[in-house]
Amino acid sequence: MKRLLLVHVLTLWALVSHAQDYSISGYIKDASNGETLIGATVLIQGTSKGVVTNVYGFYSLTLPADTYQMEVRYIGYDNTTQMVDLTQGNQRIDVELSSGGQELEEVVVSADAADANVTDMQMSSNKLDIETITKIPSFLGEADVIRSLQLVPGVSTVGEGASGFNVRGGSVGQNMVLLDEAPVYNSSHLLGFFSVFNPDAVKDVNLIKGGIPARYGGRIASVLDIRMKEGNNKEFHGQGGIGTIFSRLALEGPIVKDKASFVIAGRRSYIDVLARPFTDVFDGGAALNFYDLTAKANYNINDNNRVFVSGYLGRDNFKFDEQQGFNWGNKTATIRWNHIFGDRLFANFTAFFSDYDYLLSFGEDADDQFDWNSRIRTYDFKPEFSFFLNPNNELAFGGEIAVQQFDPANATIVSEGQSQNISLDPKYAFETALYLSNNQKIGKSLQVEYGIRYSNYSLVGPGQAYFYGDTLAGKRKPLEEVKEYNKGEIIQNYDNFEPRLSAKYLINSQNSIKASYNKTTQYIHLISNTTASNPLDVWTPSSNNIKPQIGHQVAIGWFRNLGPENNYELSIESYYRKTKNQIDYIDGAELLINEEIEGDLLNGDGRAYGLELMLKKNTGRLSGWVSYTLARTELQVDGINRGEWYATRYDQLHNFKIAAFYDVTRRVTVSANFTFLSGTPTTYPNSKYVIQGSYVVPHNNNDERNNVRIPNYHRLDLGATIELGKLVKQKKFHSELVISVYNVYSRRNPFSIYFTQSDTKPQAGSLAETQARQVSIVGSFVPSISYNFRF
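The sequence shown begins at 1474 in my numbering and counts up one residue at a time.
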């Protein structure tokens, strides 16, 4: 802590020492709607000086007193230049960029500058703009953020219908998913076929797989940072669509022109509504639907102050009748205040709330019923600062204070009218963090970003702590003592220093080498032993028995731009991840409504390593990308697989993907994507017991885990977007048809394969037969058509 204080003192001294210099600062915005532009490039012509706007569209550049020609660039927009006179002191210059004339003639698959692949500091990251996401062929023709990200290297899933995604060998629970800073604990609708993020309300999507900056913490695999639109502050607009499975509508416009705006977007599925006239399945209170509502408003108080309020509400409902079913949902709320201190210090203060809950009910009637619900709540405050020290140094520092509440089970059993409460006590945790980093340019070729994050986590009372004795590896631990703790009393405390380092060496204008290292810590754990993550999985905090997960990752890559106008991007990255205290389970572990669950948990080490290649064509009538990942992901847990390394359920050796877009005419775009994945591991018995010649008991006689692989996965999707043109009377009204075919050649990709005993009773003297059965979530081609509009 003393070192951090010393750095802050030195920073203030540096501010004074550069008082003879002056600053250009301001926001870069879209001239048509007032939306700030993230990652716009501000350059000083004739020099190597430049800066990129932050996630709020703000920039600041400090230079000696002189007159300069400033240029602002953002792909898809017309470049703009203007003279800046710093001999008169600091200058506040907000710039509005107009959309470029070529925007209607080509698909753009990157929102970054044309040379960003080489010149940007960040490596191991993927950004997709909404225009690209909406053109990717998708399930039932609905654009989706998460499924689009699964087309980039290093990102995978265990199969169709699986919630979440896996990044560089990490589990679903090791991804930090943020919506306007607030964490989303389950990002899936409809058991993984759609995500909770409405594309009509999304402004920026950035997935960070490695070289994670110090401002991010809490997960060890990746960060998915999603920023919502701010709303058009110049005029009212709307957009929406009517699809095969759900419809959507988004509205945005000024509250006070050029000062305040809003955006609100909603979706609702209607499978049950459309099917009700044709089947009696939905009689008696049955339901199958999801909905979500996303909203945001902002207000420019003055040049130096801006406030934002945003929120999300969504839910999935699967009801078999009025008494039975399950549902889950997320709620988030975020309040942010941007303040500019002087011309070099930008501050953002964020307070947010996040709530994820799920419910399960079944039973014949009120006299025989089981009800269970669980949730995780987070309250958080984050002050963050960016100090533009000089053209070669940008400091970032800040902190975080979070309070978490875990409700593992509020459960009641009613049997023959007699009720029994089997709920588990809630758990409370308190997390704080401080971070400091510096993005420094050294000469014309070398740029480094180095920093450190300090995190502290406490499990606090009221509550109980369980203490277990030793036992054989892989066996349930015997409970020895239960200790009661009062409110606010610390049950267990952990703290960690998390260093971060990234470097970029610019070989020339078209080639660079990048490398990174980051240590990350994760204090909460997703408890799940299912084939794939599902909405009923349980989150639990680190405790006296569960240590925080620690992740180390190193990566190195070569980045090259090709073509006369940098139309092609090539990247080759290699990474190695090492993790500690990853959770696994004893055989027969009881994970739900078990107050002694920590006695059934095991922990071990993980490793993941791989090679990622990506070739992308950014502009032109034909655009898209090809990606390939060669990777391994393994665990080593004492008590499992004889203590030897074994492949995880989401280990995939080969991951090959193609996404392509072609502008047939100005109004017609066709698209395709192809996916090939190596089969994922699963555990099969290698022997069996036959009892009296009639009953078969499968057995794994050498305790192997994930000892075979299911067949490979591959799928082709096709799509077309047809613009229907403008109505004569309402020239601002545009509409289009989106036609898609998912799984074109009807591949029955296996989600899992299991064994059952044959239904036929064996004849006397004959052995019982067993059969292999395959589960395929989608076993045929799925055509769809959607109608989209905007006005």
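C-beta atoms are modelled at their ideal positions from N, C-alpha and C, and glycine is treated no differently.
Just so you know, these numbers come straight off a predicted model, no measurement behind them.
- By the Cβ test, the stretch 1972-1988 is not in contact with the stretch 2016-2026, since fewer than three Cβ pairs between them sit closer than 8 Å.
- Bounds of any beta strand (DSSP E) do not take in Ala-1589; it lies within the alpha helix (DSSP H) bounded by 1589-1592.
- In this structure, DSSP gives Val-2110 a state outside helix and strand, which the three-state scheme calls coil.
- Contact check for Arg-1817 and Thr-1526: beta-carbon distance about 15 Å, past the 8 Å limit, so the pair fails to qualify.
- Straight through space, the alpha carbons of Ser-2047 and Trp-2118 are spaced by roughly 21 Å.
- Looking at the DSSP output, Phe-1861 sits in a beta bridge with Glu-1867.
- Closest in C-alpha terms to His-2187, from the list Leu-2210, Asn-2222 and Asn-2175, comes Asn-2222.
- The residue among Ser-2249, His-2207, Asn-2034 and Leu-2210 with its C-alpha nearest the C-alpha of Ser-2219 is Ser-2249.
- Per DSSP, the continuous alpha helix (DSSP H) segment holding Arg-1620 begins and ends at 1618-1622.
- Between Thr-1630 and the set Ile-1693, Ser-2016 and Phe-2224, the nearest pair of CA atoms involves Phe-2224.
- The criterion of a C-beta distance shorter than 9 Å is satisfied by Val-1933 and Ala-1902.
- Of the residues Lys-1992, Asn-1911, Ile-1886 and Thr-2013, the one whose Cα lies closest to the Cα of Lys-1900 is Thr-2013.
- As for any beta strand (DSSP E) of minimum length 3 sitting wholly inside the stretch 1815-1843, the runs are 1818-1838, ordered along the chain.
- For Leu-2095, the number of other beta carbons within 10 angstroms of its own is below 16, and it is reported as exposed.
- Looking from the CA of Phe-2228, the closest CA among Pro-2171, Ile-1685 and Lys-1522 belongs to Pro-2171.
- Taken in chain order, the whole alpha helix (DSSP H) runs of length 4 or more contained in the stretch 2148-2179 number zero.
- Judged by DSSP secondary structure, Lys-2130 falls within the beta strand (DSSP E) whose first and last residues are 2127-2136.
- For the pair Lys-2090 and Arg-1620, the Cα-to-Cα distance works out to about 20 Å.
- Boundaries for Lys-1987: no alpha helix (DSSP H) harbours it, while the beta strand (DSSP E) harbouring it runs 1984-1995, taken from the DSSP string.
- Annotation: the continuous alpha helix (DSSP H) that includes Ile-1606 extends over 1603-1608.
- Annotation: the continuous beta strand (DSSP E) that includes Val-1515 extends over 1514-1517.
- Residue pairing by DSSP places Ser-1928 opposite Ala-1906 and Asn-1969 in a beta bridge.
- Around the CB of Tyr-2162, fewer than 16 other CB atoms lie within 10 Å, so the residue is classed as exposed.
- For Ala-1616, same chain residues with a beta-carbon under 6 Å away, outside a window of 5 residues either side, are Ile-1606, Thr-1607 and Pro-1672 in chain order.
- Of the candidates Val-2211, Leu-1622 and Ile-1693, the residue whose Cα lies closest to the Cα of Ser-1660 is Leu-1622.
- Restricting attention to Thr-1514, Ser-1892 and Asp-1494, the CA atom closest to the CA of Ile-1501 is found in Thr-1514.
- Between Gly-1961 and Ala-1875, the alpha-carbon positions lie close to 14 Å from each other.
- By the Cβ neighbour-count rule, Asn-1911 is buried, with 16 or more other Cβ atoms within 10 Å of its own.
- Secondary structure of Glu-1654 (DSSP, three-state): coil.
- Burial of Pro-2008 is indicated by the presence of at least 16 other C-beta atoms within 10 angstroms of its C-beta.
- Rounded to the nearest angstrom, the Cβ distance from Gly-2072 to Lys-1950 is 4 Å, consistent with a contact under 8 Å.
- The count of Cβ pairs closer than 8 Å, one atom from the stretch 1711-1718 and one from the stretch 1766-1778, stays below three, leaving the stretches out of contact.
- DSSP, reduced to helix, strand and coil, places Phe-2254 outside both helices and strands of the structure shown, so it counts as coil.
- The secondary-structure analysis by DSSP pairs Arg-1809 across a beta bridge with Phe-1781 and Thr-1823.
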